[in-house]
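Numbering (the numbering used here), first residue to last: 80 to 784. We put the beta carbon where it would ideally sit given N, CA and C, even for glycine. Reviewing the structure listed below.
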Amino acid sequence: MTAIKITLSVILSVVTTNYILFFLDNSSTNVTMPIFAGVVGLVSSFVLFDETEAQKKVTVWLMGLSSAISITLGSFLLGFYHLSDVLILFVVFLAFYLARFSIRYFSICMIAFLSIYFTTILNVQFDYVAWYYLSIAIGILYSYFFNFILLKNKPNQVLKKSMHSFHIQTNLILNLVKEMVVSPSLTSRQIKKLDRNLTKLNEYARNISGQLGTTNPGNVWKGIRANELRLYVYDAEMLMQTLSPTIQRLRELQAFQATPFQDALLDVLESIRNVRVLRDDNVMDQLNRAEKAIQALRTQIRYTTSEDQEEWLYLVRRIESIANHVIEGASELHQERVDHSGNYHEEEIVEEDDSTEENRGLYPATKKAIQAVIAGSISVYLGYTLTPTHPYWILLSSFIIFMGTESVGSTFVKANQRTLGTVLGAVVGFGVAQIISNTTVEIAFIFFCIFMAFYLFPVSYSIMIFWITMIIAMLYDLLLGGITQEVMGVRVVDTFIGAYIGLLAATLVFPTKTKDKVAETMTLFLEELSSYIEAYLDHLLGKDSHNNFAEKSFELDQQLDQLRIDSISLRNRPGRLARSGIERWLTVLIAINYFAKHLHSTRHPIPDMDAIIQETLTHTKNYLIVNIKNLTQLIKGQGNITVWELEEDRKIVERYSNLGSSLSQQLFVYKLYYIWRINQSIVTLATDMGATVQSAPSTLEENDK
């Protein structure tokens, strides 16, 4: 949709401006005014990063004002020695510096930069600036029209489509799991296919959770609240995540030799797959059918009491429990829709306060602004020295390199991607420009390239740059009266120089090393984990403060996904893996995230606990939080850290399950299995980083002291 909006904005901006000029019989500005209108329409459609639609609407108009002021100043300063260079470098600095206050300022400065750039390459005279105001107005109006009127984003529809995709993905996974249950043997191909679909399901779940932060589901399905829908999505995802390893383990234990049990499990999977919650107005028959299937599976579990079957019975109980949560959540969602009345009120979206950023040293935005202006100054100097006819080509490349990069590693990756895309785009673009001689066909091809660039942008930055470079080749052919092999060769060289000047500045001036960025993201993940663990154990101890564990789980997922993104440059360099250890760290953190999410996936009644068990849980909570804090200190580079094993606490809790035959006691102990696994993973990771390990004293030993 973004590609369509941008392409239509550009096409109609160019066509409308050209028609108006023809109507006014103004040929003094030739083809430059329509093209500039297209540039304004493109940038004002693409560089909108505000969170809300209302903010974006204001930003679009401010971008128009910024472009008008910039092209005026740029053309006026052309007659003064290098003052236009000072102006464009000042805009580069402001683009990154002001972004820490609001992302809107980056959009405003971005279009200002391109307006000044356009003014200099075409030598726009001050007498003709008023005509370009018309181009700006047309570009902004079409951008506003397509973004906020004709093709406006509809969050409610996006949420509805996201839930539809989520349900399709869950049904696909259920079909794959059913095949695993009945197959004579499992193959690696089946397991890999299921894992790929589980990864995609997790992406859908995270997207939905993020949308619920700004979109009220009650506007889509009457009566549904964000927390209810988020919990339902969480339960459904956890059921899918649980099925894969559980089914594999059940096959190893030969649990499916019992035909009635296999049939009962297949019936549960089939009945859940057939429930069309939020899609059908009447799903009670489907929900009742699923409840009966789960009850039948529960009956099979109850009649199977052999001790040698205890391990696989526990695994089946997990499936039964989580499946029951999913159906209960679906029933609640359906009942909310049925019972919806006028007393429903819209949930308020609570905005997080971002004012807690540390004030020690320079802000990251300030560092990037300094890096960009230093790289820009060098680029301008080299531009005048190497290509005086196009002095800002190198500057444009170095400026764009800093967009969306947070570390030296990510800047290195982007520089390589930009260079590769430019080289390929220049070769193909030069060839196409030589073949096409008709101006109309050339303009049509430019529109096609614009669509492809932004349509494929989410796939690869290099592919986007490939199409953008082809656009530039076509524009040079139109604006400069033709394109030569030497011009495109210089363009490629300038891009290469600009990209690596940006990389050099990011490496030498206030560098943020990739490992430092990864360490920062790991720290944020561990802080979220500590909060989650503390809240969960307080819940077990009866200190429930109404925490939304589903939301906290999705926040952990988001932090882990960000860690994957930040560590790409490290993980893509095999020679450094032994030194960085990032692959090992990431593997352990993925395991910790998996264990943490499973804590709340089964919500059995909490059994009565004596004083010893309560003290033990409190003791476990305190030491586990200390271990997380100590791991954080190790990541930050501190030494002489001790982490604590909790084997004694585990023994005390496991003895608790032997004191009675209560199923709730046994399930309670099984649930804490994930706590021990989380702590052991933290101890393992801390040990790899040089920590010493000691056994934590038991609660009895501490009481004796």
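Tell me the DSSP secondary structure of residue i in three-state form.
i	result
serine 610	helix
valine 307	In the sequence as presented, valine is not what sits at residue 307; that position holds glutamate. Helix.
glutamine 236	helix
threonine 383	coil
proline 443	helix
serine 146	helix
glutamate 431	Because the pLDDT at glutamate 431 is just 48, under 50, the model does not fix this residue reliably, and the value given afterwards should be weighed accordingly. Of the three classes helix, strand and coil, the one that applies to glutamate 431 here is coil, per DSSP.
glutamine 333	coil
aspartate 359	coil
tyrosine 749	helix
asparagine 627	coil
glycine 508	helix
glutamate 130	coil
glycine 421	Unreliable placement is indicated for glycine 421, whose pLDDT of 49 sits below 50; no coordinate value is reported for it.
proline 686	coil
threonine 498	helix
leucine 366	helix
lysine 271	helix
serine 262	coil
arginine 655	Legend: pLDDT at arginine 655 = 44, less than 50; position of this residue unreliable, no value from coordinates given.
glutamine 450	helix
phenylalanine 169	helix
lysine 730	helix
proline 339	helix
serine 680	coil
asparagine 438	Low confidence applies here, because asparagine 438 scores a pLDDT of 47, under 50, leaving its location unreliable; read the following figure in that light. Note: asparagine 438 maps to coil in three-state DSSP.
aspartate 807	Outside the shown range of the chain (80 to 784) lies residue 807, about which nothing can therefore be said.
threonine 86	helix
threonine 293	coil
tryptophan 788	Absent from the structure is residue 788, since the part of the chain shown begins at 80 and ends at 784.
Roughly how many whole angstroms lie between the Cα atoms of residue i and residue j?
i	j	result
glutamate 724	alanine 765	11 Å
phenylalanine 206	phenylalanine 197	Here residue 206 turns out to be aspartate, not phenylalanine, going by the sequence shown. For aspartate 206 and phenylalanine 197, the distance between alpha carbons rounds to 16 Å.
threonine 435	tryptophan 210	Low confidence applies to threonine 435: its pLDDT is 44, below 50, so where it sits in the model is not reliable enough to give any reading.
threonine 519	leucine 605	57 Å
threonine 771	threonine 763	10 Å
alanine 284	aspartate 346	25 Å
glycine 483	glutamine 374	52 Å
leucine 177	tyrosine 184	6 Å
leucine 587	threonine 95	47 Å
proline 776	glutamate 726	9 Å
leucine 616	phenylalanine 747	12 Å
alanine 578	serine 186	21 Å
methionine 553	histidine 243	42 Å
serine 241	arginine 756	33 Å
glycine 508	tyrosine 555	11 Å
isoleucine 326	serine 350	18 Å
histidine 469	glycine 158	17 Å
glutamine 333	lysine 279	30 Å
arginine 734	histidine 404	28 Å
aspartate 129	lysine 136	9 Å
alanine 451	phenylalanine 225	33 Å
isoleucine 449	alanine 494	18 Å
alanine 402	tyrosine 534	39 Å
Assuming residue i contacts residue j under a Cβ cut-off of 8 Å, what Cβ separation, rounded to an integer in Å, is found between them?
i	j	result
leucine 166	leucine 152	6 Å
isoleucine 754	threonine 699	7 Å
leucine 635	glutamate 607	5 Å
valine 511	valine 571	Wrong, their Cβ atoms sit about 16 Å apart, outside the cutoff.
isoleucine 576	leucine 461	6 Å
valine 597	aspartate 640	Not a contact, Cβ separation roughly 13 Å.
serine 124	alanine 191	Going by Cβ atoms, the distance from serine 124 to alanine 191 rounds to 17 Å, so no, they are not a contact pair.
glutamine 290	phenylalanine 340	Not really, about 39 Å apart at Cβ, beyond 8 Å.
glycine 455	serine 477	6 Å
isoleucine 215	alanine 147	5 Å
threonine 294	leucine 238	5 Å
threonine 695	isoleucine 661	Contact doesn't hold; Cβ gap of about 35 Å is too wide.
isoleucine 691	leucine 619	Actually they do not touch by this definition, with Cβ atoms about 15 Å apart.
Taking the DSSP output, what are the residues bridged to residue i?
i	result
tryptophan 723	Gln773
Would you say the beta carbon of residue i comes nearer than 8 Å to a heavy atom of the ligand SAH?
i	result
methionine 80	As presented, the structure is devoid of all ligands, the ligand SAH included, so that no description of it is given.
Is there contact between the region 405–414 and the region 365–372, where contact requires at least three CB pairs shorter than 8 Å?
Contact between the region 405–414 and the region 365–372 is present: 3 or more CB-CB pairs across the two stretches fall below 8 Å.
Assess, as a yes-or-no matter, whether the region 664–671 is touched by the region 308–321 under the definition of 3 or more beta carbon pairs within less than 8 Å.
With a cut-off of 8 Å, the region 664–671 and the region 308–321 do not count as touching, because too few Cβ pairs lie within range.
Counting Cβ pairs, one atom from each stretch, are 3 or more of them under 8 Å apart for the region 588–606 and the region 703–711?
yes
Three-pair Cβ contact test at 8 Å for the region 80–96 versus the region 114–121:
yes
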